[in-house]
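Peer 1: Please find one structure pasted underneath; my questions will follow.
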Amino acid sequence: MPLASRHLLGLEGVSQEDITDILDTAISMREILERPIKKVPSLRGVTVLNLFYEPSTRTRISFELAEKRLSADTINFSASTSSVKKGETLKDTVRNIEAMKMDMVVVRHKSAGAPYFLTQCLESNIINAGDGAHEHPTQALLDMFTMRQKYGKLAGLRVLLVGDIKHSRVARSNIWGLKAMGASVAVCGPSTLLPYEAERFGVDVYTKLDEALEGVDVVNILRIQLERQQSGMFPSQREYTNLFGLNHHRLKRLNDNFTIMHPGPMNRGVEITTDIADGPNSLILEQVTNGQAVRMAILYLLSGKKDSDKVEEVDA
Amino acid sequence: MTRKKKSELFLDDIGLRRALTRIAHEIIERNRGVENVALIGIITRGATLAKRLQLIIEELEGVKVEIGLMDINLYRDDATTRLDQPIIQKTDILFDVLDKNIVLVDDVLFTGRTIRAALDQLTDFGRPRSIQLAVLVDRGHRELPIRADYVGKNIPTNRTDRVSALLVEHDDEDGIRIERSSANSKQKTSQEENG
Numbered sequence: 001m002p003l004a005s006r007h008l009l010g011l012e013g014v015s016q017e018d019i020t021d022i023l024d025t026a027i028s029m030r031e032i033l034e035r036p037i038k039k040v041p042s043l044r045g046v047t048v049l050n051l052f053y054e055p056s057t058r059t060r061i062s063f064e065l066a067e068k069r070l071s072a073d074t075i076n077f078s079a080s081t082s083s084v085k086k087g088e089t090l091k092d093t094v095r096n097i098e099a100m101k102m103d104m105v106v107v108r109h110k111s112a113g114a115p116y117f118l119t120q121c122l123e124s125n126i127i128n129a130g131d132g133a134h135e136h137p138t139q140a141l142l143d144m145f146t147m148r149q150k151y152g153k154l155a156g157l158r159v160l161l162v163g164d165i166k167h168s169r170v171a172r173s174n175i176w177g178l179k180a181m182g183a184s185v186a187v188c189g190p191s192t193l194l195p196y197e198a199e200r201f202g203v204d205v206y207t208k209l210d211e212a213l214e215g216v217d218v219v220n221i222l223r224i225q226l227e228r229q230q231s232g233m234f235p236s237q238r239e240y241t242n243l244f245g246l247n248h249h250r251l252k253r254l255n256d257n258f259t260i261m262h263p264g265p266m267n268r269g270v271e272i273t274t275d276i277a278d279g280p281n282s283l284i285l286e287q288v289t290n291g292q293a294v295r296m297a298i299l300y301l302l303s304g305k306k307d308s309d310k311v312e313e314v315d316a
Numbered sequence: 001m002t003r004k005k006k007s008e009l010f011l012d013d014i015g016l017r018r019a020l021t022r023i024a025h026e027i028i029e030r031n032r033g034v035e036n037v038a039l040i041g042i043i044t045r046g047a048t049l050a051k052r053l054q055l056i057i058e059e060l061e062g063v064k065v066e067i068g069l070m071d072i073n074l075y076r077d078d079a080t081t082r083l084d085q086p087i088i089q090k091t092d093i094l095f096d097v098l099d100k101n102i103v104l105v106d107d108v109l110f111t112g113r114t115i116r117a118a119l120d121q122l123t124d125f126g127r128p129r130s131i132q133l134a135v136l137v138d139r140g141h142r143e144l145p146i147r148a149d150y151v152g153k154n155i156p157t158n159r160t161d162r163v164s165a166l167l168v169e170h171d172d173e174d175g176i177r178i179e180r181s182s183a184n185s186k187q188k189t190s191q192e193e194n195g
């Protein structure tokens with residue numbers, strides 16, 4: 001089954017079937033990562049631009065590796081060393097780059113909606129690698145892949161997101177994706193870091209971590225952006241750690257076969273203690289490996305999809 | 001031109017079983033036993049045929065040969081020009097192919113492009129001593145210099161005919177079915193074409 005869209009801008013409104021197709025394809029991609037030669041020729045001749053207007057380690061390296069493992073040609077662009085410094089607009093930058101014959105663009109931008117804007121001015125397939133506080137769909141897909149790998153299915157799973165929900169694109173994409181797959185989702189954080197009327201996302205909302213942890217299968221801990229303290233979102237780092245930091249005393253409230261996840265980068269000793277981050281129930285590094293497989297699946301499934309999609313007869 | 005298709009059962013379940021048994025015998029004979037032989041089936045129906053061959057060889061020789069499954073879609077030569085990508089299934093080759101005599105197994109040999117992709121993929125897993133090809137049906141119309149070492153049935157066809165291998169694991173019955181397109185009686189069959 002082909003995906004409904006030729007871009008991946010977010011998980012809001014993406015169907016259960018499409019998410020399942022991506023996750024199933026990622027299982028096969030994951031196997032490629034275990035081969036002696038971790039490369040397949042399927043995107044030969046496809047050129048992918050990694051357009052990063054915000055700093056990133058994991059996501060950028062993960063996308064670049066995924067592209068290389070599929071034999072695509074990759075170009076990396078980071079705003080800090082480019083003509084953006086001279087005041088060039090996003091539209092002019094990408095149109096100039098597209099004039100050099102790009103097929104796909106992976107974009108991270110501080111403004112929500114930047115990937116959508118690119119779909120309006122480019123012919124390429126656009127993949128959102130994080131836009132402002134809007135969505136980070138590939139992170140949510142790799143989180144879901146990791147959960148499904150452990151539990152077999154997502155339906156019925158109880159997932160808790162802890163931390164700065166308000167500013168988190170990871171949280172939003174996880175909520176949309178998990179709900180589409182039939183999981184039950186709860187969020188927990190200081191009320192200053194919860195979105196206004198968070199219930200409208202269809203999630204349970206908690207401001208006390210101990211209550212929120214009761215009977216949960218997966219805890220996905222979001223990074224607390226320490227710079228938020230300056231803006232008065234929470235009084236002190238120590239208070240945040242006391243009220244919302246995950247430590248081993250709190251783990252007993254979780255279900256037996258629980259899982260700890262974190263999209264990184266971690267503030268060890270703030271939102272999560274080191275014994276849990278490196279403990280037996282932590283899948284944090286597994287998430288990173290799976291991220292490559294999920295991104296390979298997305299690149300593969302979107303490649304070649306053009307505006308005027310028509311289905312051709314394929315011979316054996 | 002009307003493109004009415006009429007369907008014909010070319011081979012039934014007993015015939016299919018006999019063809020597979022003969023291929024198993026030939027594999028054993030050609031390789032002087034199955035000591036260093038491993039089967040790799042091309043997903044979907046080639047994989048099922050490989051499993052059946054493995055069972056028949058076990059009955060004949062008392063040895064369970066190693067078996068792997070391969071999805072070749074990522075190695076297709078039309079992967080980036082196709083508009084809709086098929087969902088990839090998991091390639092599962094758990095043994096080391098180094099210095100093995102590998103028998104690739106597929107259901108229908110047609111243009112040869114699938115086998116070309118399989119050969120490329122197999123090379124990325126290592127360097128086998130040899131690669132042989134077993135197919136249930138050879139229907140002609142090759143577009144690449146590829147031939148099968150073991151053939152269940154040679155069936156002369158027109159290019160527009162559809163040849164399907166039916167296996168109970170996926171279909172209602174075992175056998176080989178051909179849908180002839182009636183409008184092309186003037187076209188050459190593969191037998192004439194290949195002379």
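As given, the protein sequences belong to chains B and A, one line each in that order.
Numbering follows the numbering used here, in which position 198 of the first sequence is assigned residue number 198; successive positions increment by one, without gaps.
Numbering follows the numbering used here, in which position 148 of the second sequence is assigned residue number 148; successive positions increment by one, without gaps.
All C-beta atoms, glycine included, are put in the ideal place defined by N, C-alpha and C.
Which residues in chain A have a C-beta closer than 7 Å to the C-beta of D21/B? List them in chain order.
Peer 2: I87, listed in chain order.
Peer 1: Along chain B, which residues have their Cβ under 9 Å away from the Cβ of T91/A?
Peer 2: Simply S28, E31, I32 and R35.
Peer 1: Which value, in whole angstroms, describes the spacing of the CA atoms of K68/B and W176/B?
Peer 2: About 29 Å.
Peer 1: Count the other CB atoms within 10 Å of the CB of H7/B; is the residue buried (16 or more) or exposed (fewer)?
Peer 2: So H7/B ends up on the buried side.
Peer 1: Around the C-beta of R148/B, are 16 or more other C-beta atoms found within 10 angstroms, so that it is buried, or is it exposed?
Peer 2: Classification of R148/B: buried, given that the 10 Å Cβ count is 16 or more.
Peer 1: May I ask you to list the residues that DSSP assigns as paired with E179/A?
Peer 2: According to DSSP, E179/A bridges with S7/A and R162/A.
Peer 1: Tell me whether R35/B sits in a helix, a strand or coil according to DSSP, three-state version.
Peer 2: In this structure, R35/B counts as coil in the three-state DSSP scheme.
Peer 1: So does K51/A have its beta carbon nearer than 6 Å to some heavy atom of the ligand PLP?
Peer 2: Looking for the ligand PLP in the displayed structure turns up nothing, as the structure carries no ligands at all.
Peer 1: Quick check: the Cα distance between Q287/B and T146/B, rounded to an integer number of angstroms?
Peer 2: The alpha-carbon atoms of Q287/B and T146/B are separated by roughly 6 Å.
Peer 1: From N220/B to V137/A, what does the alpha carbon distance come to, in whole angstroms?
Peer 2: Roughly 52 Å separates the two Cα atoms.
Peer 1: Could you please give the first and the last residue of the uninterrupted alpha helix (DSSP H) stretch that includes G130/B?
Peer 2: Note, G130/B: premise wrong, no alpha helix (DSSP H); beta strand (DSSP E) at N125 to D131.
Peer 1: Return helix, strand or coil for G13/B, following the three-state DSSP convention.
Peer 2: It is coil, neither helix nor strand.
Peer 1: May I ask you to verify whether the stretch 44 to 55 of chain B touches the stretch 166 to 174 of chain B, counting CB pairs closer than 8 Å and requiring at least 3?
Peer 2: Flag = no, the stretch 44 to 55 of chain B and the stretch 166 to 174 of chain B do not touch.
Peer 1: I want to see whether chain A comes within less than 7 Å of T119/B, judged by CB atoms only; does it?
Peer 2: No, because no Cβ of chain A sits closer than 7 Å to the Cβ of T119/B.
Peer 1: I'd like to know whether the C-beta of L74/A is nearer than 7 Å to at least one C-beta of chain B.
Peer 2: Yes, because at least one Cβ of chain B sits closer than 7 Å to the Cβ of L74/A.
Peer 1: Does DSSP classify I40/A as helix, strand or coil?
Peer 2: In the structure shown, I40/A sits in a strand (DSSP, three-state: E or B).
Peer 1: Three-state secondary structure (DSSP) at M144/B?
Peer 2: Reduced to three states, the DSSP call for M144/B is helix.
Peer 1: Name, please, each residue of chain B whose Cβ falls closer than 8 Å to the Cβ of F95/A.
Peer 2: Correct list: empty, because the minimum Cβ distance to chain B is about 13 Å.
Peer 1: Given G13/B, which residues of its chain have a CB within under 6 Å of its CB, disregarding the five upstream and five downstream residues?
Peer 2: Hits under 6 Å: none found.
Peer 1: Using a Cβ cut-off of 7 Å, pull out every chain A residue sitting near V40/B, in sequence order please.
Peer 2: Correct list: L74 and Y75.
Peer 1: List the residues of chain A that G156/B touches, going by C-beta distances under 8 Å, in chain order.
Peer 2: Per Cβ cutoff of 8 Å: no residues; G156/B is ~24 Å from chain A at best.
Peer 1: Please state whether the Cβ-Cβ distance between M233/B and M29/B is less than 7 Å.
Peer 2: Not a contact, by the Cβ cut-off of 7 Å.
Peer 1: Grouping DSSP H, G and I as helix and E and B as strand, with all else coil, what is N257/B?
Peer 2: DSSP places N257/B in coil when its eight states are reduced to three.
Peer 1: Would D124/A pass as an interface residue toward chain B - the criterion being a Cβ-Cβ separation below 7 Å?
Peer 2: Output row for D124/A: interface = yes.
Peer 1: According to DSSP, is V294/B helix, strand or coil?
Peer 2: Three-state DSSP puts V294/B in a helix.
Peer 1: Please look up how many angstroms separate the CB atoms of V163/A and V108/A, rounded, as I've assumed it's under 8 Å.
Peer 2: About 5 Å separates the two Cβ atoms, so the contact holds.
Peer 1: Looking at the structure shown, is Q225/B part of a helix, part of a strand, or coil, going by DSSP?
Peer 2: Three-state DSSP puts Q225/B in coil, outside helix and strand.
Peer 1: List, in order along the chain, the chain A residues whose C-beta lies closer than 7 Å to that of L8/B?
Peer 2: Near L8/B there are no residues of chain A at all, since even the closest Cβ is about 14 Å away, more than 7 Å.
Peer 1: Put E59/A into one of helix, strand or coil per three-state DSSP.
Peer 2: The answer is helix: DSSP assigns E59/A an H, G or I state.
Peer 1: Within 10 Å of its beta-carbon, does M100/B have 16 or more other beta-carbons around it, so buried, or fewer, so exposed?
Peer 2: Per the 10 Å Cβ criterion, exposed.
Peer 1: What does DSSP give as the partner residue(s) for S78/B in the beta ladder?
Peer 2: DSSP lists F52/B as partners of S78/B.
Peer 1: Would you give the residue range spanned by the alpha helix (DSSP H) that Q120/B belongs to?
Peer 2: Taken as a continuous stretch (DSSP letters only), the alpha helix (DSSP H) holding Q120/B covers A114 to C121.
Peer 1: So what does DSSP say about Q287/B, is it helix, strand or coil?
Peer 2: If DSSP states are grouped into helix, strand and coil, Q287/B belongs with the helices.
Peer 1: Considering only residues of the same chain and omitting the five flanking positions on each side of Q292/B, which have a CB-CB separation below 6 Å?
Peer 2: S62, L65 and A66, listed in sequence order.
Peer 1: Can you list the alpha helix (DSSP H) stretches of 4 or more residues lying completely in the stretch 81 to 116 of chain B, in chain order?
Peer 2: Counting only runs of 4 or more, we get 90 to 98.
Peer 1: Output yes if chain A places a C-beta closer than 7 Å to the C-beta of L301/B; else output no.
Peer 2: At least one chain A Cβ lies under 7 Å of L301/B.
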